[in-house]
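Each residue of the sequence shown is one higher than the last, beginning at -19 in the numbering used here. Where is the CB? At the ideal position from N, CA and C, for every residue including glycine. Quick caveat, the model's predicted, so the values are computed rather than measured. Inspection log for the structure reproduced underneath, given as structure tokens.
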Amino acid sequence: MSEARCPASCGELIQGWIDGGEKLVSCPIDWFSTVEVSEGKRLSGERLRMRQMLERVVTYFGYSTALANSLSINLESTVPVGKGLASSTADIAATAVATARHLGEMLDESTLATLCVQLEPTDSTIFRKPTLFDHIQAQVQISCQPTPMLEILLLESNTTLLTEDYHRYERESVLIHNAGLLDNAWQTLQRSCRQQDARLLGEATTMSAKACQQLLVKPMFSQLLSLVEESDLYGLNVAHSGSVVGLMLDTSKHDVEKTLWLIKHLEIDRHYPQQHLVKMIEGGVR
């Protein structure tokens, strides 16, 4: 039996049209999908993409399909599905690495990225460092220094949206229209990493969130921006192809209870009934 786990993502730090195409930088948090691969029969309820990934990894390393059929996948996950939390990426990336480990092999990040995008658009949570990633073809992988490690008050909506459905939207013209804003967000994000400046990070994510609002509306967005300003939080980030919103803060400097009270007072919780305090963490499959 071999095991691997991959973090979820509170949406994206940034996503949009950057340097000629749509790219993203994910926001890894301390929620995980953990996958075990072992010899045995398939378990009921196994997720299709995970089985497909196992088969691809077995084939990639030159083993027979008969071996793939003899392997069982077990998943434990704390990640809600269909909210923009990179649950599917976490599932298939952890499956890939667990399968490779079971075979006594290793997958580097670039190969893992290529395998993942063959199945579906992929979040950059698979990279240890913050990475600007071409999540469709994996042709662009530009890493930067670690982000300031903040906490996030994650606001979870009841609305679900599958990433594959989002990618059917006609969005290229809006993305290109906001290319200048996203380039600024990317440059600001890199500066925040070099300087370990949480406020610059919040500026970058808020810029991208505002651009996303033209494509996928987040309810109460103006009230959320006002709450960030009133509470002097660092900024907000969103799931660009999902429904969650993150309020970026530091519990040693910000009053989380007051922020939660404001969420209720402003009736923001009508649209985001579940709130979770999570931590930003390093990405990569463990």
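By Cβ distance below 7 Å, which residues in the same chain neighbour Ser90 in space, the five residues on each side in sequence not counted? Taking the first residue of the sequence shown as 1, we reach residue 90 at position 110. Only Gln121 meet the Cβ criterion.
Is the beta carbon of Leu162 closer than 8 Å to that of Ile(-2)? Residue -2 sits at position 18 when you count from the first residue of the sequence shown. Residue 162 sits at position 182 when you count from the first residue of the sequence shown. With a cutoff of 8 Å on beta-carbon distance, Ile(-2) and Leu162 are scored as near each other.
Top-ranked residue by Cα proximity to Leu205, from His220, Ala189, Leu196, Leu47: For the purposes of this step, residue 205 is taken as residue 225 along the sequence shown, with counting starting at 1. Of the listed residues, the one whose Cα sits closest to Leu205 is Ala189.
According to DSSP, simplified to helix, strand and coil, what is Phe107? Residue 107 sits at position 127 when you count from the first residue of the sequence shown. The three-state reading of DSSP puts Phe107 in coil, since its state is none of H, G, I, E or B.
For Val208, collect the residues of the same chain with a Cβ closer than 7 Å to its Cβ; drop the 5 residues on either side in sequence, then sort them by chain order. Here residue 208 corresponds to residue number 228 of the sequence shown, with the count starting at 1. Short of 7 Å from the beta carbon of Val208, and not among the five residues preceding or following it, lie these beta carbons of its own chain, in chain order: Gly215, Leu216, Leu227.
DSSP on Met228, reduced to helix/strand/coil? Taking the first residue of the sequence shown as 1, we reach residue 228 at position 248. DSSP places Met228 in the strand class (E or B) of the three-state scheme.
Is Glu183 buried or exposed, if buried means 16 or more other CB atoms sit within 10 Å of its CB? Numbered from 1 along the sequence shown, position 203 holds the residue referred to as residue 183. By the Cβ neighbour-count rule, Glu183 is buried, with 16 or more other Cβ atoms within 10 Å of its own.
Segments assigned alpha helix (DSSP H), at least 4 residues, entirely inside the region 144 to 181: DSSP runs (the alpha helix (DSSP H)) wholly in the region 144 to 181: 152 to 157, 159 to 175.
Measure the beta-carbon distance from Asn164 to Pro253 and round it to whole angstroms, keeping in mind my assumption that it falls under 8 Å. Walking along the sequence shown from the start, residue 164 turns up at place 184. Walking along the sequence shown from the start, residue 253 turns up at place 273. Incorrect: roughly 34 Å between the Cβ atoms, too far for contact.
Alpha-carbon to alpha-carbon, Ala(-12) and His251: Along the sequence shown, one-based indexing puts residue 251 at 271. Along the sequence shown, one-based indexing puts residue -12 at 8. CA-CA distance, His251 to Ala(-12), rounds to 22 Å.
Coarse secondary structure for Leu196, derived from DSSP in three states: Position 216 of the sequence shown, counted from the first residue, corresponds to residue 196. Here Leu196 carries a coil assignment [DSSP, helix/strand/coil].
Check this for me: beta carbons of Gly222 and Gly64, under 8 Å apart or not? Counted from its first residue, the sequence shown places residue 222 at position 242. Counted from its first residue, the sequence shown places residue 64 at position 84. Between Gly222 and Gly64, the C-beta gap is smaller than 8 Å, which places the two residues in contact.
Cβ-Cβ distance between Pro110 and Cys124 below 8 Å: Position 130 of the sequence shown, counted from the first residue, corresponds to residue 110. Position 144 of the sequence shown, counted from the first residue, corresponds to residue 124. For Pro110 and Cys124, yes; Cβs fall inside 8 Å.
On the DSSP bridge assignment, give the partners of Trp(-3) in chain order. As a working note, residue -3 is residue 17 in the sequence shown. Trp(-3) is bridged to Glu2.
Could you check the C-alpha separation between Gly142 and His220 for me, to the nearest Å? Counting from one through the sequence shown, the residue named residue 142 turns up at place 162. Counting from one through the sequence shown, the residue named residue 220 turns up at place 240. The amino acid at residue 142 is misidentified as Gly; the sequence shows Leu. About 11 Å.
Could you give the distance in angstroms between the alpha-carbon of Thr14 and the alpha-carbon of Leu242? Within the sequence shown, numbered from 1, the residue matching residue 14 stands at position 34. Within the sequence shown, numbered from 1, the residue matching residue 242 stands at position 262. As the crow flies, the alpha-carbon of Thr14 is around 35 Å from that of Leu242.
Taking just the CA atoms, how far does Ser50 sit from Ser6? As a first step, residue 6 is located in the sequence shown; it is residue number 26 there, counting from the start. As a first step, residue 50 is located in the sequence shown; it is residue number 70 there, counting from the start. For Ser6 and Ser50, the distance between alpha carbons rounds to 34 Å.
Nearest to Leu(-7) by alpha carbon, out of His157, Glu150, Met129? Working through the sequence shown from its first residue, we reach residue -7 at position 13. Residue Met129 is the option with its Cα nearest to Leu(-7).
Are the CB atoms of Glu26 and Ile53 nearer to each other than 8 Å? Within the sequence shown, the letter at position 46 stands for residue 26. Within the sequence shown, the letter at position 73 stands for residue 53. Yes.
Find out if the Cβ-Cβ distance for the pair Ser211, Thr239 is shorter than 8 Å. Here residue 211 refers to the residue found at position 231 when the sequence shown is read from its first residue. Here residue 239 refers to the residue found at position 259 when the sequence shown is read from its first residue. Yes. Within cutoff.
Report all residues from its chain with a CB closer than 8 Å to the CB of Leu99; omit the five preceding and five following residues, and keep chain order. Counted from its first residue, the sequence shown places residue 99 at position 119. Answer for Leu99: Arg29, Gln32, Met33, Arg36, Ile72, listed in chain order.
Could you pull the DSSP bridge partners for Cys7 from this structure? Stepping through the sequence shown from its first residue, residue 7 is reached at position 27. According to DSSP, which records beta bridges pairwise, Cys7 is partnered with nothing at all.
Quick one: what does DSSP say Leu216 is sitting in, helix, strand or coil? Numbered from its first residue, the sequence shown carries residue 216 at position 236. DSSP, read as helix, strand or coil, puts Leu216 in strand.
Might you give, ordered along the chain, the residues of its own chain that have their beta carbon closer than 6 Å to the beta carbon of Ala159, omitting 5 neighbours on each side? Within the sequence shown, numbered from 1, the residue matching residue 159 stands at position 179. Beyond the five residues adjoining it in sequence on each side, Ala159 comes within less than 6 Å, by CB distance, of Trp(-3) in the same chain, given in chain order.
Using the DSSP secondary-structure output, state which residues sit across from Leu87 in a beta bridge. Translated into the one-based positions of the sequence shown, residue 87 becomes position 107. Its beta-bridge partners do not exist; DSSP assigns none.
Residues in the same chain with beta-carbon distance under 7 Å from Met200, minus the five sequence neighbours each way, listed in chain order, please. Locating residue 200 in the sequence shown gives position 220, counting from the first residue. Short of 7 Å from the beta carbon of Met200, and not among the five residues preceding or following it, lie these beta carbons of its own chain, in chain order: Ile248, His251.
Would you identify the three-state DSSP class for Phe113, choosing helix, strand or coil? Here residue 113 refers to the residue found at position 133 of the sequence shown. The answer is strand: DSSP assigns Phe113 an E or B state.
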